[in-house]
Each structure stands twice: as structure tokens, then as C-alpha cells.
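>
In the numbering used here, the protein residues as written are 6 to 132.
(1) Going by DSSP in three states, residue 50 sits in which element: helix, strand or coil?
(2) Determine the DSSP secondary structure at residue 25, reduced to helix, strand or coil.
(3) Using a 10 Å radius around the Cβ and a threshold of 16 neighbouring Cβ atoms, would you call residue 40 buried or exposed?
(4) Flag this pair as touching only if the segment 42-58 and the segment 14-31 have three or more C-beta atom pairs under 8 Å; answer yes or no.
(5) The alpha helix (DSSP H) spanning residue 43 covers which residue range?
(6) Should the segment 100-116 be called in touch with the segment 84-92, which here means at least 3 C-beta pairs below 8 Å?
(7) Looking at residue 70: is its Cβ nearer than 9 Å to the Cβ of residue 93?
(8) Would you decide whether residue 105 is buried or exposed? Buried here means 16 or more other CB atoms lie within 10 Å of its CB.
(9) Can you tell me whether residue 58 is helix, strand or coil according to DSSP?
(10) Report the rounded CA-to-CA distance for residue 103 versus residue 9, giving the unit in angstroms.
Here it is as C-alpha cells:
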């Protein structure tokens with residue numbers, strides 16, 4: 006299934022806010038699966054702890070901050086779009102994106118494919 010860029014163009018109009026993508030009701034196991042998928046895909050990533058660049062943990066539980074700290078940040082770039090993950094808590098996986106970066110059908114396809122974990126080798130090269 007393809008979502009047409011024209012169908013969501015108005016939703017991507019810049020209004021001063023980022024667009025959030027949430028997966029609610031998650032656990033540390035879900036975080037682990039997300040990080041496994043990111044590790045498998047040839048994506049450009051940057052992970053930060055307290056603002057400092059760090060290696061991305063293989064285990065999703067380690068990516069979550071200790072109690073009282075919200076200092077982990079993951080950025081994944083797909084199709085020229087930065088997907089930013091604020092690793093707050095195991096109960097929700099949240100990414101945000103700047104709608105100004107989603108400027109074409111190709112960019113939209115890459116964002117959707119990255120969320121569906123359905124990228125084929127050809128899509129990985131394109132994104």
C-alpha cells in the first residue's frame with residue numbers, strides 16, 4: 006500500500022510544530038526490537054547520551070534513561086528526513102520529524118518503509 010504524497014501534503018504544511026509518531030503500550034522488549042531493526046538496516050544514525058555522541062546500544066533496555074534522567078536521543082535519517090527519538094520510557098516509543106523535510110513521494114515512502122520495517126535491499130539503497 007502506498008500513501009500518496011498529495012493526500013498528506015496539507016498535513017505536512019509547516020505550522021511551527023514537528024509531527025509526532027507514537028507507538029503506545031510498548032515494553033523494553035519492543036525497544037529491543039526497534040533497535041535490532043535499526044542495526045540490521047543500513048541507516049544513518051546518531052545516538053547521544055547527555056548530549057555526547059555514543060555507540061547505539063544493541064539492547065533496547067540500555068537505550069532507555071535511568072530513573073529521573075531523560076538524556077538519551079536517537080536520530081535516524083531516511084530519505085533525507087531526520088526521525089528523532091527521545092528515549093523517555095519503555096511505555097511509548099516516540100519519534101518526531103520536521104514536516105519541511107518530507108518534500109516528495111520518495112521521502113514519504115522512505116519514512117513509511119522505515120516504520121513498517123519493510124525495506125527491501127533496493128529500498129535501503131534508495132533511502
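Even for Gly, the Cβ is constructed at its ideal location relative to N, Cα and C.
Well, looking at it:
(1) strand
(2) strand
(3) buried
(4) no
(5) 33-45
(6) yes
(7) yes
(8) exposed
(9) strand
(10) 18 Å
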